[in-house]
Structures are given as structure tokens and as C-alpha cells.
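J.:
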Amino acid sequence: MNQACVWWLALAAAMVSGTAWGQDKPSTQFYLYGHVTSTLETEEDDFYTDFSLGEHDLFVQSTISPRFSFLSETVVGPVNSHGHSATDYKVSLERARLKYEYREWLSVIVGKMHTPVNYWNDVYHHGRLFFPVIDRPRSFGTSVPIHTLGLRLQGQNIGKLKFGYDLVVGNGMSSNDVTDGSAQKSVTAAVHIKPEKRTRISLSAYRDIIYGNSVGAHAGHSGPFHYSMGEIGYYPVDLDFELYCFSVYRNKGKWEMLLETTLNRTGLNDGNDPDMVSGLDSLGTSNNTTFFLYAGHKVGKRGRLYGLMDLSNYEDRDLHIKSNQLAKFGLGWQHEFSPLVKSQIQVERYTGQDGLEIPADDKWELKFRIAYCLF
Amino acid sequence: MRDWILLLLLLLPAGLRAQEVTPIANSPGQLNWTENQLKAVFVGDRSQWPNGQSVIVVLPASGSDSFEQTALWALDTDGFDYQKHWLSLVFQGRANAPVFVDNEAKVIEYVEQHPGAIGILHTEQPPTALRLKIQ
Numbered sequence: 006m007n008q009a010c011v012w013w014l015a016l017a018a019a020m021v022s023g024t025a026w027g028q029d030k031p032s033t034q035f036y037l038y039g040h041v042t043s044t045l046e047t048e049e050d051d052f053y054t055d056f057s058l059g060e061h062d063l064f065v066q067s068t069i070s071p072r073f074s075f076l077s078e079t080v081v082g083p084v085n086s087h088g089h090s091a092t093d094y095k096v097s098l099e100r101a102r103l104k105y106e107y108r109e110w111l112s113v114i115v116g117k118m119h120t121p122v123n124y125w126n127d128v129y130h131h132g133r134l135f136f137p138v139i140d141r142p143r144s145f146g147t148s149v150p151i152h153t154l155g156l157r158l159q160g161q162n163i164g165k166l167k168f169g170y171d172l173v174v175g176n177g178m179s180s181n182d183v184t185d186g187s188a189q190k191s192v193t194a195a196v197h198i199k200p201e202k203r204t205r206i207s208l209s210a211y212r213d214i215i216y217g218n219s220v221g222a223h224a225g226h227s228g229p230f231h232y233s234m235g236e237i238g239y240y241p242v243d244l245d246f247e248l249y250c251f252s253v254y255r256n257k258g259k260w261e262m263l264l265e266t267t268l269n270r271t272g273l274n275d276g277n278d279p280d281m282v283s284g285l286d287s288l289g290t291s292n293n294t295t296f297f298l299y300a301g302h303k304v305g306k307r308g309r310l311y312g313l314m315d316l317s318n319y320e321d322r323d324l325h326i327k328s329n330q331l332a333k334f335g336l337g338w339q340h341e342f343s344p345l346v347k348s349q350i351q352v353e354r355y356t357g358q359d360g361l362e363i364p365a366d367d368k369w370e371l372k373f374r375i376a377y378c379l380f
Numbered sequence: 004m005r006d007w008i009l010l011l012l013l014l015l016p017a018g019l020r021a022q023e024v025t026p027i028a029n030s031p032g033q034l035n036w037t038e039n040q041l042k043a044v045f046v047g048d049r050s051q052w053p054n055g056q057s058v059i060v061v062l063p064a065s066g067s068d069s070f071e072q073t074a075l076w077a078l079d080t081d082g083f084d085y086q087k088h089w090l091s092l093v094f095q096g097r098a099n100a101p102v103f104v105d106n107e108a109k110v111i112e113y114v115e116q117h118p119g120a121i122g123i124l125h126t127e128q129p130p131t132a133l134r135l136k137i138q
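Protein chains in written order, with the working numbering: chain S, 6 to 380; chain Y, 4 to 138.
#1: Where are the alpha helix (DSSP H) runs, 4 residues long or more, that stay fully inside the segment 173 to 213 of chain S, in chain order?
#2: What does Y:K87 touch in chain S if you count any residue whose Cβ is under 7 Å from its own?
#3: Once you ignore the five residues that flank S:N218 on each side, which residues in its own chain have a CB closer than 8 Å to its CB?
#4: Show which residues of chain S have a CB atom less than 7 Å away from the CB atom of Y:S50.
#5: So who's on the other strand from S:N292, going by DSSP bridges?
#6: Spatial neighbours of Y:H88 within its chain, please: C-beta separation below 8 Å, excluding the five flanking residues on both sides.
#7: Y:S91 to S:G39, Cα distance in whole Å?
#8: Are the Cβ atoms of S:H197 and S:H152 separated by less than 7 Å?
#9: Quick check on S:I237: buried or exposed, where buried means 16 or more other Cβ atoms within 10 Å of its Cβ?
#10: Along chain Y, in chain order, which residues have C-beta atoms closer than 7 Å to that of S:C250?
#11: I think S:K120 touches S:T193, with their Cβ atoms under 8 Å apart; what is that distance to the nearest whole Å?
#12: State yes or no: is the C-beta of S:Y254 within less than 7 Å of the C-beta of S:L263?
#13: Classify Y:W36 as helix, strand or coil using the three-state DSSP reduction.
#14: Smallest Cα separation from Y:P101: which of Y:Q72, Y:T37, Y:A120 and Y:K109?
#15: Could you name the residues of the same chain whose beta carbon sits closer than 6 Å to that of S:G289, not counting the 5 residues immediately before and after it, in chain order?
#16: Hey, S:K327 and S:E353: beta-carbon distance below 7 Å or not?
#17: Three-state secondary structure (DSSP) at S:E353?
#18: Does Y:F94 get closer than 7 Å to chain C when you measure Cβ to Cβ?
#19: Establish whether the CB of Y:S69 and some CB of chain S are separated by less than 7 Å.
#20: Report all residues from its chain with a CB closer than 6 Å to the CB of S:L154; omit the five preceding and five following residues, and keep chain order.
#21: Taking the Cβ atom as the reference point for each residue, do S:G221 and S:S180 lie within a distance shorter than 7 Å?
#22: So with Cβ pairs under 7 Å, would you call Y:F83 a contact of chain S?
#23: By a C-beta neighbour count over all protein chains shown, 10 Å radius and 16 as the cutoff for buried, is S:V183 buried or exposed?
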């Protein structure tokens with residue numbers, strides 16, 4: 006019997022023994038997170054306005070026994086949340102995971118989860134009530150693989166620096182919501198420390214193979230940035246996909262800040278048919294970067310004035326995401342009416358570099374949002 | 004001189020007096036925790052007793068004076084931020100939701116009845132058996 010088998014048997018035995026004394030009945034809580042957003046957009050001489058009912062997220066947390074807990078998020082949201090084309094709603098099971106906490110330094114989690122690659126994806130999810138600004142960083146929709154379905158080992162609050170780790174093996178970006186159909190799995194390794202209260206510094210690495218340059222439900226790569234079948238520049242080749250993230254969150258005194266950076270490298274996988282890739286004009290590995298910075302200053306008891314910067318740079322040799330150099334700057338005001346209701350108003354300037362596959366933005370947007378939680 | 008000392012004690016800022024807390028627990032044996040380790044439980048950074056048994060955090064209702072004082076003691080903030088803090092932790096899946104009860108008397112009652120439960124009192128006097136001694 007090899008070492009891995011012994012380890013798994015020991016873990017299984019520990020799980021069984023842990024349930025023996027967990028006799029109390031489950032404690033289950035239901036929450037509903039939702040938001041309403043209004044946008045005024047001006048691009049050249051055109052104006053657009055809309056009111057949109059955004060994602061509504063039924064969040065369930067259940068402490069089944071002292072060591073077992075369950076968590077799920079079922080979201081009813083616009084079919085296409087990019088731009089003005091949303092015409093319908095869909096129901097999506099965004100998280101459903103069972104957690105067994107053996108010790109603080111080891112929990113085992115199985116199910117569908119958000120990949121813990123950066124602070125935003127690990128902490129905010131679909132809860133707009135927690136978003137420090139109105140929109141997610143642009144790396145969501147391009148580089149960040151949002152979900153995976155698999156097995157996660159987690160430890161947290163270890164030692165004086167409150168070290169934490171997450172190791173995830175799960176279905177890759179090419180899989181659908183139900184199954185993968187491939188022996189290849191995505192791997193995430195993330196670590197963080199919390200040297201002070203309300204401070205977290207995180208580092209992560211993610212690796213996967215995108216089969217046929219086609220992504221499914223877990224990637225979250227959608228909209229105009231992603232090559233899709235039938236488009237010029239789309240090649241149905243297998244791609245090695247690597248993502249490295251560095252995040253810093255700090256909330257001290259009146260100041261709050263969040264820094265999210267990513268380095269994404271995408272290149273041809275060695276398993277491709279040489280005849281198929283020989284004619285490609287985009288060989289080699291792309292090095293794509295994104296940089297997001299938010300800083301807010303508390304004003305009065307419940308207000309916050311904030312600014313944001315969101316930059317992305319995708320090279321033209323990339324075969325998965327269209328090349329772009331885009332920038333977004335914003336200034337906003339947040340007011341919290343209660344811990345469960347808050348409003349944000351934000352003015353944004355979109356700009357970028359021309360001459361790449363994604364044309365430079367040149368527009369202003371004014372957005373207003375009310376986000377809430379019921380439970 | 005004694006009158007001056009008494010007067011000074013009376014004038015102690017409310018914030019300082021609020022730091023005097025009485026931890027209670029239905030715990031597995033005596034602990035050797037410091038106050039900071041105890042605070043870690045009340046901000047969701049510690050979820051188990053030293054023997055590995057899960058901690059159940061019991062808090063008085065949000066909006067109560069006792070909740071405000073716990074927020075100040077544990078996280079150096081007010082009840083508003085403390086409630087958001089727990090809401091976020093539970094949403095992340097990094098902590099189980101605390102148990103909320105009406106007041107400190109109910110905190111005592113809950114802790115008495117549930118092994119592994121822990122609470123903080125600011126006004127009520129706890130039964131001696133539940134009192135948790137901290138370094």
C-alpha cells in the first residue's frame with residue numbers, strides 16, 4: 006500500500022471519528038444577496054441608459070455537525086451581463102461545497118467552488134454588498150478562471166502571521182458545469198498571510214490546459230475579449246494556461262485598499278498536431294498582465310470616497326484572448342444605510358491603446374447601484 | 004488623595020471601561036490562552052479548542068449594547084462593522100456563522116447547554132463553572 010493510500014485511509018478514519026460526537030442538529034441560515042444598477046453611458050455622440058436588476062444570489066450556509074459544513078450559492082442573473090444585450094435570466098448553481106474541518110490547519114472541501122486565485126474571487130463572489138467598487142476587475146472575464154469543481158485542501162490562521170493555504174485539484178476551464186470528460190485537471194496553489202487585523206497578502210498559481218481553445222462554465226471567459234469559433238484568429242488548438250496572482254487587502258483606520266495583479270501566460274500545448282500548429286502566425290507564449298487598484302477613505306460614519314484604476318495588457322501573440330491595452334479610471338462615493346444595504350455612485354473613464362484586436366475604449370460611464378442582503 | 008483617585012476612576016473613558024469582559028465557555032478543560040487568542044475566536048480567526056473540538060461563537064443580538072461592546076473589544080470597531088465582518092467571513096466559507104441570541108442572559112443559557120460554545124459578557128455575572136480564565 007503506497008503512502009497516498011495510507012494518508013487517505015487515515016483521513017477517512019478521522020472523518021468518521023469526528024462525526025461520532027457531532028450529535029447536535031444542523032444549524033442552517035439562508036441569505037439573499039441582490040442588487041439594482043443603473044448606468045448612463047456616453048460614447049462619441051451616443052447616450053445609453055438602463056436600469057438593470059442584477060444577480061440575485063440565494064446563499065445557504067449550514068453547520069451540519071461541528072466538523073461538517075455546507076455552503077451553496079444559487080444565482081438568478083442576466084444571461085449576458087456584458088453591455089446591453091441581456092434579454093433574459095438564467096439560474097446557475099455557482100457554489101455547492103461540503104467542508105470537513107479536521108483541524109484549523111487542514112480542511113477538506115469537495116464540490117463546486119470559486120477558485121481561490123485572488124482576493125476578489127475568494128472573498129466577494131456574487132455578493133455585491135461586499136464589492137468595494139461597482140464592477141469586478143477586468144481580469145474577470147479574461148484571465149481569472151472563476152470556478153472549479155473538485156477537491157480542495159485548506160488551512161488557515163496558522164501561526165503568528167495567520168498563514169493560510171489552499172490547494173485545489175478540479176475540473177478545468179474546458180469542462181462544463183456537470184462533468185469534465187478528461188483526465189487533465191486544473192491545479193491551484195494559493196497562500197496568504199494576515200499579519201494584522203483586516204490585512205491579507207495573497208499569492209497564487211493556477212495551471213490548466215484549454216482543450217481546443219474552448220472554455221466552458223468554469224472559466225468565466227466570455228464576451229468580446231475571447232476568441233470564439235468562426236471568428237478570424239480562432240484556432241482550435243490545445244493551450245497551456247498559467248495564471249499567477251498577487252493581492253493585497255488592507256483596512257486600517259479610515260483607509261481601505263485592494264491591489265489585484267495578474268500575470269497570465271498562454272502558449273501552445275506540446276500535444277497539438279504539428280501539422281495543425283505549423284501554420285499559426287502566433288507562436289510562443291504570451292505574457293499578459295492586469296493591474297487593479299482600489300483605495301477608499303471613510304468620510305463620516307457611513308460614507309466612503311474612493312478611486313479605482315483597472316489596467317490590462319494582452320499581447321497579440323495570445324491565442325485565447327484578443328490583444329488589448331485597456332484602462333479604466335473611476336471615482337466613486339459609497340454610503341451604507343445599514344450593514345445590509347448600501348449604495349454606490351461611480352463615474353468612470355474608459356480609454357486604451359488603438360491598433361490592437363480589441364479597439365481602445367473611449368467612453369464615460371456614470372453608474373449607480375443599490376446592493377442588499379436579506380436573511 | 005483617596006478622593007482624587009476615586010474621581011479619576013469615575014472619569015475613566017467609557018471606551019476603556021468597555022474593555023473589561025468576562026469570557027464564558029462550555030469548554031473542554033482549562034485553557035492557557037491569552038486575551039489576543041481569545042479575541043481571535045471572536046473575529047473568526049480561531050475555530051477550534053486546543054483539543055480540536057469546534058468552537059461555537061455565541062453573540063448577543065446586533066444592535067444591543069453588549070454587541071457593540073464585543074465589537075469594540077474584539078475588532079476595535081463598532082457593531083455595524085462587526086456585523087459586516089461576520090457576514091463576509093460566512094459568505095467566504097472561511098467560518099461558520101455565529102449563533103445570535105437576544106441578550107447576555109440568553110448567551111449564558113446557550114453556552115450552558117452546548118459543549119464547545121463560547122460567549123463574552125459585559126454586564127451579566129456568569130455561573131462560576133462557565134467562567135473562562137485567561138492568562
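Cβ atoms here follow ideal geometry from the backbone N, Cα and C, with glycine treated the same way. Predicted model, so just to flag it, every value in this text is computed and none were measured.
T.: Answer, in terms of the structure:
#1: Within the segment 173 to 213 of chain S, no run of alpha helix (DSSP H) reaches 4 residues while sitting entirely inside it.
#2: Chain S residues near Y:K87: P344.
#3: Within the same chain, Cβ atoms closer than 8 Å to the Cβ of S:N218 are found at Y232, Y239, Y240, P241, V242, D243, L244, L324 and H325, the five residues on either side in sequence being excluded.
#4: Chain S residues near Y:S50: E106 and E109.
#5: For S:N292, which the question treats as bridged, DSSP gives the partners S:R270.
#6: Within its own chain, the residues whose Cβ lies closer than 8 Å to the Cβ of Y:H88, once the five positions on either side in sequence are excluded, are V46, G47, L78 and T80, listed in chain order.
#7: Distance from the CA atom of Y:S91 to the CA atom of S:G39, rounded to whole angstroms, is 15 Å.
#8: S:H152 sits away from S:H197, with the two beta carbons spaced by 7 Å or more.
#9: Its Cβ having fewer than 16 others within 10 Å, S:I237 is exposed.
#10: None at all; the shortest Cβ gap to chain Y is about 17 Å.
#11: Inspection of the sequence shows that residue 120 of chain S is occupied by Thr rather than by Lys. In this structure, S:T120 and S:T193 form a Cβ contact; the two beta carbons are roughly 5 Å apart against a cut-off of 8 Å.
#12: Cβ atoms of S:Y254 and S:L263: closer than 7 Å.
#13: Three-state result, Y:W36: coil.
#14: The residue with the shortest Cα to Cα distance from Y:P101 is Y:A120.
#15: Same-chain partners within the cutoff: R322.
#16: Not in contact: S:K327 and S:E353 (Cβ atoms no closer than 7 Å).
#17: Strand, per DSSP.
#18: Looking at the structure shown, chain C is missing, and the protein chains on hand are S and Y.
#19: Among the residues facing chain S, Y:S69 is not included, as its CB has no counterpart in that chain under 7 Å away.
#20: So the qualifying residues of the chain are K117, G175 and N176.
#21: It is a contact, given that the beta carbons lie within the stated cut-off.
#22: Yes, Y:F83 lies at the interface with chain S (some Cβ there is under 7 Å from its Cβ).
#23: Only exposed fits S:V183, as fewer than 16 other CB atoms lie within 10 angstroms of its CB.
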